[in-house]
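K.L.:
Supplied in structure tokens, the structure appears directly below.
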Amino acid sequence: MKNMKKLLTLGLTLVLAFTLAACNNKEGSSKESGGKGSGEVVELNFWSFGATGYDKLIEEYEKENPNVKIKFKTSETSDHHDALFTALSAGSGAPDIALLELDQLDRFKAAQDRFNNLYDLGAKDVQDKYLGWKWDGGANLDGDFLIGLPTDIGPKALYYRTDVFEAAGLPTDPVEVGNLINSPEAFMEAAKTVKEKTGKPFVDTIEMAYRAYLDPAEEAYLNPEGELIADKEGSEVKKSFDFAAELWEKGYVGPAEMWSPEWSNGVKNGDFAVALGAGWFKGWLKDNAPEASGFFRVAKLPEEFASNWGGSYLSVPKETEHAQEAYDFIEWLVAPEQQLKSFQDAGLFPSAVEVYDMEEFKTMEDEFFGGQVSSVVFAEAAQDIKGLPYKGEKYFPVHEAITNGLQNIQTGKDPEKEWKAGIKKANDLLSR
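This is how it looks when you write it as structure tokens:
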């Protein structure tokens, strides 16, 4: 009997010991996972590109959330996306958060299994805060997988030089300019007037002219099956190509390549009348062409040219061990209040519709644009956009194959031959 009691006592002691150990392990597990109230510091790696100004907002978020530390890394656009794609393909080394540029997005959508579906992390709760076309661009074709939350957008407008317009006898008030140049035909007529009266080209570069019809196209180079459609009858790409070629042949386009030193000098000196630029372009102007301050204004583009050029999305790669914490941060980062700050500090144009009604946004006079409240023009343009064209994984090489032909036209080559050569190069690329 004594031995039986000893065995029972020993058994109860062991059970109690195992129970306590299990409880301790659960507590430790909670801390290791960064659960709420655990006090554990979660570190998130955030890969970005370009001049976003997100570093300032990260500091603000860390103050509000002392258990979250964010390691921010920014690179050149192509280097960033190539490094991210390599890490995702290898299955290791990807960050917790990654910024994806719009033109690169379809490349990553094809690897959606390497990302978290943001709908599973709470994205449906904030969907109505953003422009519908921008939100839809972050989802797959079926619409049931969201790869990225909307950040900035690139609504396009007509940037024009008031001094060149005045010399050509054209109006300089933004509303009057928008009313005058209200169709592609009126655009061409204004180009003729500027050339005849001032001797200057109307559009800064042939790429800007090409994108006039390309950016609003419902279908661009490829269909979702990866087949080339640019060469089909009625192609928007061919229409864009012919429009740019016509402007060049009539002397309505400047000779320099966009972003070149010659082009930059032309921007500063007023060597052309207009640029069909996105909202982010004014940030470039302010930083790189201070000599042009006061000479530029912004007007609405013709409806046929209303479109988006650029913008990004925030994604959460599958590899992260802190998916919810990463999502919570990016949801905060793209909230209307933060998008207003990004616009004020870094010129990132908001995709959150609420911002357009904020007093700070509607009254933001722009000294560079002669005191004009240019934000309102871009907000109207953003709400005129109907959707984003499908671009496909091989958008960039195909785009380059076609636009190389435009550059050759500027050296005297035949436009139709250059078009056919570009289509052949594109087909060769897709057949590899």
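With mature numbering (1 follows the signal peptide of the UniProt record, and there is no 0) as the guide, the letters of the sequence shown map in order to residues -21 to -1, 1 to 411. Backbone N, C-alpha and C fix where the C-beta goes; we use that ideal spot for every residue, glycine too. A quick note: this is a predicted structure, and the numbers were derived from the prediction, not measured.
1) Measuring only the C-alpha atoms, how far is residue 389 from residue 227?
2) Rounded to the nearest angstrom, how far is the Cβ of residue 479 from that of residue 197, given a contact under 8 Å?
3) Per DSSP, which one or two residues make a beta bridge with residue 22?
4) Quick check on the DSSP output: the beta strand (DSSP E) that includes residue 131 runs from which residue to which?
5) Report all residues from its chain with a CB closer than 7 Å to the CB of residue 289; omit the five preceding and five following residues, and keep chain order.
6) Quick check: the Cα distance between residue 14 and residue 162, rounded to an integer number of angstroms?
7) Report the start-end ranges of each alpha helix (DSSP H) in the region 231 to 313 that is 4 residues or longer and not cut off at the edges.
8) Under the DSSP definition of a beta bridge, which residues are partnered with residue 76?
9) What three-state label does DSSP hand residue 200 in the structure shown?
10) Would residue 182 and residue 275 qualify as a contact pair, given that the criterion is a beta-carbon distance under 8 Å?
11) Determine the direct distance from the alpha carbon of residue 70 to that of residue 243, and round the result to whole angstroms.
12) Mind checking who residue 118 pairs with in its DSSP beta bridge?
13) If we ignore side chains and look at the alpha-carbon of each, how far apart do residue 100 and residue 65 end up?
14) Count the other CB atoms, across all protein chains shown, that sit within 10 Å of the CB of residue 239; report buried if there are 16 or more and exposed otherwise.
15) Less than 8 Å between the C-beta atoms of residue 193 and residue 215, yes or no?
16) Do residue 373 and residue 201 have their CB atoms nearer than 8 Å?
17) Would you tell me roughly how many angstroms separate the C-alpha atoms of residue 332 and residue 34, rounded to the nearest one?
18) DSSP has residue 377 in a bridge; who is on the other side?
19) Taking the alpha-carbon of residue 61 as reference, which of 77, 176, 51, 278 has the nearest alpha-carbon?
20) Can you give me the start and stop residues for the alpha helix (DSSP H) that residue 340 sits inside?
21) So, are the CB atoms of residue 264 and residue 271 less than 8 Å apart?
22) Given this structure, state the Cα-to-Cα distance separating residue 206 from residue 39, to the nearest angstrom.
23) State the beta-bridge partners of residue 351 as determined by DSSP.
24) Residue 402 CB to nearest chain C CB: under 8 Å?
25) How big is the Cα-Cα spacing for residue 11 and residue 124?
26) From which residue to which residue does the alpha helix (DSSP H) around residue 192 run?
27) Using the three-state DSSP reduction, which class does residue 54 fall into: helix, strand or coil?
P.N.:
Inspection of the coordinates gives the following:
1) Taking the sequence shown and counting its residues from 1, one reaches residue 389 at position 410. Taking the sequence shown and counting its residues from 1, one reaches residue 227 at position 248. Straight-line Cα distance between these residues: approximately 7 Å.
2) Lying before the first or after the last residue shown, residue 479 is absent from the chain, which here runs from -21 to 411.
3) Walking along the sequence shown from the start, residue 22 turns up at place 43. According to DSSP, which records beta bridges pairwise, residue 22 is partnered with 48.
4) Numbered from 1 along the sequence shown, position 152 holds the residue referred to as residue 131. Counting along the chain, the beta strand (DSSP E) containing residue 131 begins and ends at 128 to 140.
5) Position 310 of the sequence shown holds residue 289. 81, 133, 257, 259, listed in sequence order.
6) Translated into positions along the sequence shown, residue 14 becomes position 35. Translated into positions along the sequence shown, residue 162 becomes position 183. Because the pLDDT at residue 14 is just 42, under 50, the model does not fix this residue reliably, and the value given afterwards should be weighed accordingly. Approximately 57 Å between the Cα atoms of the pair.
7) 240 to 248, 260 to 267, 302 to 312
8) The count along the sequence shown starts at 1 and reaches residue 76 at position 97. Its beta-bridge partners are 25.
9) What you label residue 200 is simply residue 221 of the sequence shown in a count that begins at 1. Note: residue 200 maps to coil in three-state DSSP.
10) In the sequence shown, residue 182 corresponds to position 203, counting from 1. In the sequence shown, residue 275 corresponds to position 296, counting from 1. In this structure, residue 275 does not lie closer than 8 Å to residue 182 by Cβ.
11) Locating residue 243 in the sequence shown gives position 264, where the first residue counts as 1. Locating residue 70 in the sequence shown gives position 91, where the first residue counts as 1. Taking the straight line from one Cα to the other gives about 42 Å.
12) Here residue 118 refers to the residue found at position 139 of the sequence shown. Beta-bridge pairing links residue 118 to 125.
13) Within the sequence shown, residue 100 is the residue found at index 121, counting from 1. Within the sequence shown, residue 65 is the residue found at index 86, counting from 1. If I take the Cα positions, the gap works out to 25 Å.
14) As a first step, residue 239 is located in the sequence shown; it is residue number 260 there, counting from the start. Result: exposed.
15) Along the sequence shown, read from residue 1 onward, the residue named residue 193 stands at position 214. Along the sequence shown, read from residue 1 onward, the residue named residue 215 stands at position 236. Result yes, Cβ atoms of residue 193 and residue 215 sit closer than 8 Å.
16) The residue you call residue 373 lines up with position 394 of the sequence shown. The residue you call residue 201 lines up with position 222 of the sequence shown. A contact, by the Cβ cut-off of 8 Å.
17) As a working note, residue 332 is residue 353 in the sequence shown. As a working note, residue 34 is residue 55 in the sequence shown. One C-alpha to the other measures close to 24 Å.
18) Residue mapping note: residue 377 aligns to position 398 of the sequence shown, counting from 1. Answer is none; residue 377 lacks a bridge partner.
19) Against the sequence shown, residue 61 aligns to sequence position 82. Closest by alpha carbon: 77.
20) As a position in the sequence shown, residue 340 is number 361, starting the count at 1. Per DSSP, residue 340 belongs to the alpha helix (DSSP H) from 338 to 341.
21) For the purposes of this step, residue 264 is taken as residue 285 along the sequence shown, with counting starting at 1. For the purposes of this step, residue 271 is taken as residue 292 along the sequence shown, with counting starting at 1. In this structure, residue 271 lies closer than 8 Å to residue 264 by Cβ.
22) If you number the sequence shown from 1, residue 206 lands on position 227. If you number the sequence shown from 1, residue 39 lands on position 60. Their Cα atoms are separated by approximately 46 Å.
23) Here residue 351 refers to the residue found at position 372 when the sequence shown is read from its first residue. Beta-bridge pairing links residue 351 to 345.
24) Looking for chain C here will not work: only one protein chain is present.
25) Indexing the sequence shown from 1 puts residue 11 at position 32. Indexing the sequence shown from 1 puts residue 124 at position 145. In this prediction, residue 11 scores a pLDDT of 37, lower than 50, which makes its location untrustworthy; the coordinate-derived value is nonetheless stated afterwards. Taking the straight line from one Cα to the other gives about 29 Å.
26) By one-based count along the sequence shown, residue 192 stands at place 213. Taken as a continuous stretch (DSSP letters only), the alpha helix (DSSP H) holding residue 192 covers 185 to 193.
27) Residue numbering aside, residue 54 sits at position 75 when the sequence shown is read from its first letter. If DSSP states are grouped into helix, strand and coil, residue 54 belongs with the strands.
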